[in-house]
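If you're matching them up, the sequences are chains E and X in order.
Take the first sequence: its position 68, counted from the start at 1, is 68 in this note's numbering, and no numbers get skipped.
Take the second sequence: its position 135, counted from the start at 1, is 135 in this note's numbering, and no numbers get skipped.
Number of protein chains: 2
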Amino acid sequence: MKKIRILIVEDHEVVIKGIITLLEPYKELEIVGYALDSEEAMKKVEDLRPDIIIMDINLPEVSGIELTEKIREGYPLSKVIYYTSHVDEKLITEGFEAGAFGYVPKNFKPQELIEAIHMVNDGQKFMKGIVSEKFISSYLRSEKKKKQKQDIPLSEREMEVLKHMSNGMSNKQIADTLFISIRTVETHKHNLMKKLNIFSTAELVIYAIQNNIIKI
Amino acid sequence: MKKIRILIVEDHEVVIKGIITLLEPYKELEIVGYALDSEEAMKKVEDLRPDIIIMDINLPEVSGIELTEKIREGYPLSKVIYYTSHVDEKLITEGFEAGAFGYVPKNFKPQELIEAIHMVNDGQKFMKGIVSEKFISSYLRSEKKKKQKQDIPLSEREMEVLKHMSNGMSNKQIADTLFISIRTVETHKHNLMKKLNIFSTAELVIYAIQNNIIKI
DNA sequence: TAAAGCCTACGTATTTTTACTTAGATCAAT
DNA sequence: ATTGATCTAAGTAAAAATACGTAGGCTTTA
Numbered sequence: 001m002k003k004i005r006i007l008i009v010e011d012h013e014v015v016i017k018g019i020i021t022l023l024e025p026y027k028e029l030e031i032v033g034y035a036l037d038s039e040e041a042m043k044k045v046e047d048l049r050p051d052i053i054i055m056d057i058n059l060p061e062v063s064g065i066e067l068t069e070k071i072r073e074g075y076p077l078s079k080v081i082y083y084t085s086h087v088d089e090k091l092i093t094e095g096f097e098a099g100a101f102g103y104v105p106k107n108f109k110p111q112e113l114i115e116a117i118h119m120v121n122d123g124q125k126f127m128k129g130i131v132s133e134k135f136i137s138s139y140l141r142s143e144k145k146k147k148q149k150q151d152i153p154l155s156e157r158e159m160e161v162l163k164h165m166s167n168g169m170s171n172k173q174i175a176d177t178l179f180i181s182i183r184t185v186e187t188h189k190h191n192l193m194k195k196l197n198i199f200s201t202a203e204l205v206i207y208a209i210q211n212n213i214i215k216i
Numbered sequence: 001m002k003k004i005r006i007l008i009v010e011d012h013e014v015v016i017k018g019i020i021t022l023l024e025p026y027k028e029l030e031i032v033g034y035a036l037d038s039e040e041a042m043k044k045v046e047d048l049r050p051d052i053i054i055m056d057i058n059l060p061e062v063s064g065i066e067l068t069e070k071i072r073e074g075y076p077l078s079k080v081i082y083y084t085s086h087v088d089e090k091l092i093t094e095g096f097e098a099g100a101f102g103y104v105p106k107n108f109k110p111q112e113l114i115e116a117i118h119m120v121n122d123g124q125k126f127m128k129g130i131v132s133e134k135f136i137s138s139y140l141r142s143e144k145k146k147k148q149k150q151d152i153p154l155s156e157r158e159m160e161v162l163k164h165m166s167n168g169m170s171n172k173q174i175a176d177t178l179f180i181s182i183r184t185v186e187t188h189k190h191n192l193m194k195k196l197n198i199f200s201t202a203e204l205v206i207y208a209i210q211n212n213i214i215k216i
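This is the structure:
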């Protein structure tokens, strides 16, 4: 029987050693190589065409998500399993959207990783326990949000006004900064409030923070 | 020559395996045990009295910081080295305050961990590269902050007013909610602004968020 | 070419907020 | 018993923000 060929992508050497030790007893698995960063990873995928890629989602520079997308486009037969310490809803959903086949937190029992490898190699997706819960709750929440709060497009000028006022400027200051009349600023703000259905400065600030319009 | 006796505290089995593999070639080092959580760790320290404890700072339930404090109080001869994936300024400073002897990021070369073990075993502190930089910059910043922004105490009522206004209430609404006159709310707000040296609603909201007075 | 969206800006009026001061009542600590 | 902090609230003014409608100029798109 053909062995399952595995590539490890992980920026911490010690974890690579750990994974190697972990998989060592399983004679049906073969570690064909490892990579410490995304660039190296792409090269190894190209060269080795592994069946399974065990990947840390938190990589330096290019994230595991982007790397996964590139792999899926170029080498769809190599299937990515995230093996990571962060059980983060955003990472989980983005990871699967990017085309990953499995998500195994490092604090799962080592056995789970083996199980994931076999399942994914058979073409199934692997997700378990807390990961599935997060995924489901994220799905439910996103469905709810879709109904109530579809992304409202703000014009560029509205963005600027919102940003400046969220940083504490008065209408007058904003007007001076943007070289427009204070009346124009008022109009933009008025339109903002109508668009967003928000009628207090405080909530506008929170909106700006939550939508990454300002950084705190 | 006596071997250096090492205990590993780390909640990810795979990393434990990695560390064991990593240290294996060094015959002067002896891994006497490992622990997957804080409670187990304390027992092992008590039983084994290791020279060095290699610890992941991110442990479930009780953090590595607290654990370090307890170990330093009870077993000052066992010296803690953090071995962790997060190079976080806060963790670094808190870690050393808690009594750690070393801080080695997992993305350092494995060799660095060996070096840290020897240095710490000789009674020195180990810190290198990015870790020292963060430590120093944190020190400098904290000195600067000490001068300009000592924690300003807000009264309970001021807190309430700040919270409500940050959630988007007008002075009138706050007055009604707290069953006080709008003039009182104005006074509280005025005092808040003087105390915090902030003169816009937006910055008050940001202050409230940054100081966990409101949640977003 | 017409429609739509955006940026600009004003008129008018109202509401809200801020500035600054003063001050009584209460409670805790010295 | 006095001081100090806090909560309460008002007077007086000025400044700022909001509501709502209207509208010209501009660019993009149907």
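Glycine residues also receive a C-beta, built at the ideal position from the N, C-alpha and C atoms.
(message) Measuring CB atoms only, is the segment 25-41 of chain E touching the segment 21-29 of chain X, in the sense that at least three cross pairs come out at less than 8 Å?
(response) no
(message) Looking at chain X, is there any beta carbon in it that lies within less than 7 Å of the beta carbon of histidine 12 (chain E)?
(response) Chain X places a beta carbon closer than 7 Å to that of histidine 12 (chain E), counting this residue as a contact.
(request) Measure how close the beta-carbons of glycine 85 (chain E) and aspartate 51 (chain E) come, nearest whole angstrom, since I'm counting them as under 8 Å. (result) Sequence check: residue 85 (chain E) is serine here, not glycine. Going by Cβ atoms, the distance from serine 85 (chain E) to aspartate 51 (chain E) rounds to 24 Å, so no, they are not a contact pair.
(request) Would you mind working out which of X:Gly33, X:Leu204, X:Tyr82 and X:Asn58 sits nearest glycine 99 (chain X), comparing C-alpha positions? (result) Checking every option, the nearest Cα to that of glycine 99 (chain X) belongs to X:Tyr82.
(message) Taking the alpha helix (DSSP H) that leucine 178 (chain E) belongs to, which residues open and close that run?
(response) 171-178
(request) Give me whichever residues DSSP pairs with proline 105 (chain E) in a beta bridge. (result) E:Thr84
(message) Just to confirm before moving on: does the CB-CB distance between glutamine 163 (chain X) and isoleucine 214 (chain X) stay below 7 Å?
(response) Residue 163 (chain X) is actually lysine in this sequence, not glutamine. Yes, these two residues count as a Cβ contact at 7 Å.
(message) Please report the straight-line C-alpha distance between arginine 49 (chain X) and alanine 41 (chain X), rounded to a whole angstrom.
(response) 11 Å
(message) By the three-class DSSP mapping on this structure, what secondary structure does glutamine 148 (chain E) have?
(response) Residue confidence is low: glutamine 148 (chain E) scores 40 on pLDDT, short of 50, so the model does not pin down where it sits. No coordinate-derived value is stated.
(request) Note the first and the last residue of the continuous beta strand (DSSP E) segment covering tyrosine 34 (chain X). (result) 29-35
(request) Taking C-beta pairs closer than 7 Å, name the residues in chain X that proline 153 (chain E) reaches, listed in chain order. (result) The contacting residues do not exist; proline 153 (chain E) stays about 22 Å from chain X at best.
(request) Under 6 Å Cβ to Cβ from aspartate 56 (chain E), same chain only, skipping five residues before and after it: list those, please. (result) Glu10 and Thr84
(message) Strictly under 7 Å for the Cβ-Cβ distance: is leucine 22 (chain X) near chain E by that measure?
(response) yes
(message) Any contact between the segment 32-46 of chain X and the segment 106-114 of chain X? By contact I mean 3 or more CB pairs, one from each, below 8 Å.
(response) no
(request) Give the residues of chain E in contact with threonine 25 (chain X), contact being defined as C-beta atoms less than 9 Å apart. (result) First, the residue type needs correcting, since residue 25 (chain X) is proline and not threonine in the sequence shown. In chain E, no part has a C-beta under 9 Å from the C-beta of proline 25 (chain X); the shortest such distance is about 11 Å.
(message) I need the DSSP call for isoleucine 216 (chain E), collapsed to helix, strand or coil.
(response) Coil.
(request) Would you check if the distance between the CB atom of phenylalanine 209 (chain X) and the CB atom of isoleucine 198 (chain X) is smaller than 7 Å? (result) Reading the sequence as shown, one finds isoleucine at residue 209 (chain X) and not phenylalanine. No, Cβ-Cβ distance for isoleucine 209 (chain X) and isoleucine 198 (chain X) is not below 7 Å.
(request) Count the other C-beta atoms from every protein chain shown that fall within 10 angstroms of the C-beta of leucine 155 (chain E), then say buried if there are 16 or more, exposed otherwise. (result) For clarity, residue 155 (chain E) is serine in the given sequence; the question names leucine instead. When all chains shown are included, serine 155 (chain E) counts as exposed.
(message) Looking at methionine 101 (chain X): is its Cβ nearer than 7 Å to the Cβ of lysine 70 (chain X)?
(response) A quick correction: the sequence has phenylalanine, not methionine, at residue 101 (chain X). For phenylalanine 101 (chain X) and lysine 70 (chain X), no; Cβs fall outside 7 Å.
(request) Classify glycine 18 (chain X) as buried or exposed, calling it buried when 16 or more other Cβ atoms lie within 10 Å of its own Cβ. (result) buried
(message) Using a Cβ-Cβ cutoff of less than 7 Å, which residues in the same chain neighbour alanine 116 (chain X) once the five nearest sequence positions on both sides are dropped?
(response) Sequence-distant Cβ neighbours of alanine 116 (chain X) in its own chain, meaning closer than 7 Å and more than five residues away, are Ile81, Gly102, Val104 and Phe126.
(message) Using the Cβ count rule (16 or more neighbours within 10 Å means buried), how would you classify isoleucine 152 (chain E)?
(response) exposed
(request) Quickly, what does DSSP pair phenylalanine 126 (chain X) with across the bridge? List them, please. (result) Phenylalanine 126 (chain X) is bridged to X:Gly102.
(message) If you measure between the beta carbons of serine 170 (chain X) and alanine 202 (chain E), is that distance less than 7 Å?
(response) no
(request) Measure the C-alpha to C-alpha separation of isoleucine 6 (chain X) and proline 76 (chain X) and round it to an integer number of angstroms. (result) Their Cα atoms are separated by approximately 15 Å.
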